[in-house]
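Working notes, beginning with the structure itself.
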Amino acid sequence: MTAIRPLQRYREAVVQIRVGLLGCGVVGAALVRLLSEQREVIAARTGIDLSIARIAVRSPERGRGLDVDQSVFTADADAAVAGEDIDVVVEVMGGIDPARALLGRALELGKPVVTANKELLATHGAELFAAADAAGVDLLFEAAVGGAVPLIRPLRESLVGEPVERVVGIVNGTTNYVLTQMAETGASYEQALGEAQSLGYAEADPTADVEGHDAGAKAAIIATIAYGAWVPAAAVACEGITGVTAHDMEMAARFGYVVKPVAVVERSGGAGGDLELAVRVHPAMLPARHPLASVRGSFNAVLVEGGAAGEIMLYGRGAGGRPTASAVLGDLVDAAVNRSTGSAGRIGKLGRARIRPIDELESAFYISLDVVDRPGVLAAVADVFGRHRVSIRALEQHGLGADARIVFITHRARERDVGATLAELGRLEVVNELGSVIRVMGE
Ligand code: NDP
Ligand code: HSE
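Residues in the sequence shown are numbered consecutively from 4, following our numbering.
This is the structure we're talking about:
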């Protein structure tokens with residue numbers, strides 16, 4: 004009997020590819036470490052030897068505990084892009100400026116780019132994608148959405164022929180962590196956010212996470228790639244998690260829901276065959292049995308609903324240095340291999356989509372109201388709902404001394420009608436305070 008031969012792992016020719024790294028914070032430092040661990044394996048599997056030639060940071064003199072020569076660090080970001088010793092540029096510095104100009108320059112010089120910068124892509128992606136295609140080089144950004152979760156490549160490649168109907172996901176690790184900690188450990192909002200920051204999940208300015216702008220940028224990128232039409236971050240309706248209270252979480256559990264930070268991208272019809280999309284980000288109450296309800300902590304998950312494929316769920320660590328570095332490294336290897344063979348992936352020509360205004364959309368809602376507790380109040384409140392065509396599905400009332408808190412779950416209603424209901428409720432003399440308003444999904 005012939006023995007099975009071991010896989011031929013090592014190749015004869017090893018191509019040197021030198022990397023210019025822009026940024027060495029949470030993600031950049033994790034990438035340097037991961038590349039050092041995986042360098043030989045990558046060389047064995049691909050024939051590419053990846054090395055970090057320069058690292059641009061704000062403070063090059065600062066010790067970072069990395070196994071690289073200190074002389075590699077520079078404050079001169081241009082040198083980490085345009086230097087003759089740079090073959091591929093990896094950007095993990097974040098923000099728009101100077102990242103936009105640096106990546107534009109790299110592409111102009113015909114150097115492939117890998118980036119984790121969703122803010123930049125969701126604002127100036129159209130210009131950068133066109134520059135990459137014109138230069139015939141890769142612009143890869145798997146880490147920009149969902150951390151370690153492979154989502155961009157499946158959407159760009161495996162699902163390129165799929166009639167995608169809807170993508171709904173949890174795409175921000177910080178807010179999912181905060182809501183999970185509040186619900187499961189009783190942690191305060193501030194305490195949970197502080198932990199998310201110290202674990203490296205949050206953006207440099209965590210306002211981007213908690214106000215929904217980080218998830219909004221990711222939703223814009225998902226919409227652009229899933230539908231091949233340019234959708235900028237500015238077109239995404241964003242609502243953050245700052246208004247979600249411990250009481251809302253308690254009530255959600257009583258009604259059989261979990262509060263999650265969701266991003267929704269869906270085809271919403273459109274006359275004459277024009278593409279019309281609805282793209283939004285907000286906290287939502289999901290039924291406990293919903294596939295996204297069990298996604299906890301900093302984990303992300305994206306449910307793609309395709310007309311042919313059916314449902315596909317992608318799940319994994321959505322934030323943090325090492326998981327994100329894994330996605331960056333995957334892109335880096337891809338870009339390096341393509342560079343060595345003279346090929347590149349193309350984004351292709353992006354079309355246009357009408358973005359449906361949020362007040363035209365429909366949802367069920369959870370609404371919390373503090374009211375005066377006396378006869379006729381519930382009838383007065385219910386009358387306002389009824390006159391605006393918002394139908395109540397369930398309600399629960401709790402005493403607050405002389406006052407009361409009533410929480411309602413509505414049937415599906417138009418956002419505009421719910422807005423009008425809330426405006427009128429706010430003017431009722433018997434309503435002391437309008438509390439939280441949270442969309443209810445998946446019913
Ligand atoms: P950090 O703030 O930890 O790191 C940023 C790095 O960029 C630092 O090394 C900083 O230098 C350097 N830098 C910033 N501005 C400049 C500048 N003008 N010139 C030179 N260097 C600069 O950010 P993260 O690592 O957390 O995030 C990086 C990118 O990755 C962002 O786009 C983020 O959205 C994205 N991302 C982050 C994830 C995460 O979990 N953290 C997950 C997915 C994506 P210095 O160290 O000297 O201050
Ligand atoms: N701040 C982001 C998050 C990092 O919490 O998801 C990953 O993109």
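All C-beta atoms in this analysis are idealised placements derived from N, C-alpha and C, irrespective of residue type, glycine included.
Three-state secondary structure assigned by DSSP to residue i
| i | result |
| --- | --- |
| V30 | helix |
| Y13 | Below a pLDDT of 50, predicted positions are generally treated as unreliable, and Y13, at 49, falls in that range; no measurement from the model is reported. |
| P264 | strand |
| I441 | strand |
| T413 | strand |
| D52 | strand |
| V18 | strand |
| E432 | coil |
| G23 | strand |
| G313 | strand |
| E168 | strand |
| F76 | strand |
| V387 | helix |
| A356 | coil |
| R257 | helix |
| E365 | strand |
| T5 | Note that T5 scores a pLDDT of 43, beneath 50, so its modelled location is shaky; the value from the coordinates is reported in the next line. Residue state, collapsed to three classes: coil. |
| E111 | helix |
| A59 | strand |
| A397 | strand |
| E64 | coil |
| E87 | coil |
| I99 | coil |
| G323 | coil |
| L403 | strand |
| I350 | coil |
Through-space distance from residue j to residue i, alpha-carbon basis
| i | j | result |
| --- | --- | --- |
| T424 | A304 | 33 Å |
| P294 | R169 | 14 Å |
| G319 | P153 | 9 Å |
| A291 | V384 | 29 Å |
| L110 | R325 | 27 Å |
| R57 | L158 | 32 Å |
| V181 | S343 | 43 Å |
| V84 | A416 | 52 Å |
| D81 | G26 | 12 Å |
| G203 | V95 | 14 Å |
| A238 | A405 | 44 Å |
| A32 | G323 | 11 Å |
| E214 | S329 | 27 Å |
| K447 | V268 | Since the displayed the chain opens at 4 and closes at 446, residue 447 lies outside it and no answer follows. |
| G313 | V307 | 8 Å |
| V443 | T413 | 9 Å |
| L428 | L437 | 8 Å |
| A426 | I409 | 17 Å |
| L123 | E43 | 32 Å |
| I225 | D52 | 32 Å |
| G231 | V17 | 36 Å |
| A339 | V440 | 48 Å |
| E130 | G164 | 24 Å |
| D100 | K221 | 19 Å |
| G150 | G97 | 14 Å |
| L317 | E160 | 15 Å |
| F388 | S394 | 7 Å |
Beta-bridge pairing of residue i - partner residues as DSSP gives them
| i | result |
| --- | --- |
| S161 | In DSSP, S161 forms no bridge with anything. |
| M288 | V262 and V443 |
| Y318 | A304 |
| S371 | V410 |
| E145 | Answer by DSSP bridge pairing: none, since E145 is not bridged. |
| A281 | E269 |
| T118 | E94 |
Nearest-angstrom Cβ-Cβ length linking residue i and residue j, presumed shorter than 8 Å
| i | j | result |
| --- | --- | --- |
| L332 | Q19 | 17 Å between Cβ atoms; not a contact. |
| D88 | R21 | 5 Å |
| A266 | V284 | 5 Å |
| G139 | A347 | 5 Å |
| F302 | A397 | Wrong, their Cβ atoms sit about 30 Å apart, outside the cutoff. |
| G310 | P166 | 4 Å |
| T118 | A147 | 7 Å |
| L143 | D334 | 4 Å |
| A218 | A236 | Contact doesn't hold; Cβ gap of about 10 Å is too wide. |
| N120 | A102 | 6 Å |
| I228 | I155 | 6 Å |
| F368 | V282 | 19 Å between Cβ atoms; not a contact. |
| A104 | T77 | Contact doesn't hold; Cβ gap of about 17 Å is too wide. |
| E279 | A356 | 7 Å |
Any non-hydrogen atom of the ligand NAD closer than 7 Å to residue i Cβ
| i | result |
| --- | --- |
| T327 | Absence of the ligand NAD is noted for the structure shown, with the ligand NDP and the ligand HSE being the only ligands found. |
Let me know the alpha helix (DSSP H) ranges lying completely inside the stretch 182-248, each 4 residues or longer, listed in chain order. Qualifying alpha helix (DSSP H) stretches, in chain order: 192-201, 210-213 and 216-230.
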